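Asker: Okay, here's the structure, questions in a sec.
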Amino acid sequence: MTTAETASTDTVRVLVVEDDPTIADSLVRGLRQAGYDAGCVGTARAALLLPPSDVVLLDLGLPDMDGIELCRRLRQRSDPAIIVVTARGEEADRVLALDEGADDYLVKPFGLAELMARLRAVLRRTHPVDHEPVRYGPLTIDTRTRKVAVEGREVFLTPKEFDILACLATDPGRVVTRQKILESAWDAHWYGPTKVVDAHVAALRRKLGVPGLIETAYGRGFRLGEVA
Ligand code: CA
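Those letters in the sequence shown? Residues 79 to 306, by this note's numbering.
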């Protein structure tokens with residue numbers, strides 16, 4: 079599998095947290111050549127000030143905070159894939175880092191090819207790419223091209239409507255709360271009224287034209303209902 083396939087339609091953002099500028103520069107250069115949107119910081123403080131990345135390559139030996147503590151804090155605020163990169167090869171460190179939410183562990187020195195292979199493996203687990211359209215009753219949802227069809231007839235949705243439908247279709251039958259839909263289709267930090275979802279769901283129902291497809295679970299949210 080190539081990087082582009084693993085990376086889905088969006089570029090994967092990789093943050094290198096490494097205080098050795100020589101190592102940081104060569105990692106960032108290699109990552110950019112492989113098509114990643116890579117940047118680096120030299121301190122834990124700087125890492126915590128940045129918006130969340132998709133993947134963090136984390137050096138455990140940082141000047142201002144233990145890397146394992148940074149791993150814990152990154153995990154608390156978002157859900158990046160974390161690969162710990164360190165000179166410390168002891169099993170205790172490795173176990174501690176994995177316990178604190180690291181997805182994988184690389185011991186220096188390592189080759190760029192090995193790093194890239196680990197990165198692709200981590201991304202396959204954390205950002206699975208599904209090229210097969212999702213089928214549910216008369217509905218077909220292609221998450222790669224963002225096209226939706228009902229009984230083979232294409233239905234043109236707005237980006238929000240598509241995101242709401244894709245969110246419901248990840249687990250048909252399960253109720254998805256308005257808050258969850260907002261986080262998925264708007265952004266993770268929506269503090270406004272959740273009623274905005276209802277207007278988009280109403281439009282979505284009209285466009286799809288399949289009675290019973292999107293059910294309201296009163297006081298809870300929405301779900302995809304049983305349809306023939
Ligand atoms: Ca270091």
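The C-beta atom is built at its ideal place from N, Cα and C for all residues, glycine as well. These figures come from a predicted structure and were not determined experimentally.
Could you please give me the residues that DSSP links to residue 117 through a beta bridge?
Answerer: Paired residues: 93.
Asker: What residue range does the alpha helix (DSSP H) around residue 341 cover?
Answerer: Any answer about residue 341 is impossible in this case: the structure gives the chain only from 79 up to 306.
Asker: Look at residue 279 and residue 292 and say whether their C-beta atoms are less than 8 Å apart.
Answerer: Contact flag set, yes.
Asker: Specify, as a first and last residue, the run of the beta strand (DSSP E) that residue 300 falls within.
Answerer: Counting along the chain, the beta strand (DSSP E) containing residue 300 begins and ends at 299-302.
Asker: Any heavy atom of ligand 1 closer than 7 Å to the beta-carbon of residue 140?
Answerer: Checking the Cβ of residue 140 against ligand 1 gives yes.
Asker: Taking only heavy atoms of ligand 1 into account, decide whether any of them is closer than 7 Å to the Cβ of residue 98.
Answerer: Result yes, Cβ under 7 Å from ligand 1.
Asker: As a quick exercise: from 127, 122, 128, pick the residue whose alpha carbon is nearest that of residue 137.
Answerer: Measuring from the Cα of residue 137, the nearest candidate turns out to be 122.
Asker: Just how far apart, CA to CA, sit residue 190 and residue 97?
Answerer: Whole-angstrom Cα-Cα distance: 18 Å.
Asker: Between residue 137 and ligand 1, is there a pair consisting of the residue's CB and a ligand heavy atom that are separated by less than 7 Å?
Answerer: Yes, ligand 1 has a heavy atom inside 7 Å of this Cβ.
Asker: When DSSP builds the beta bridges, which residues end up paired with residue 20?
Answerer: For residue 20 there is no data in the structure shown, the boundaries of the chain being 79 and 306.
Asker: Would you check if the distance between the CB atom of residue 288 and the CB atom of residue 228 is smaller than 8 Å?
Answerer: Cβ atoms of residue 288 and residue 228: closer than 8 Å.
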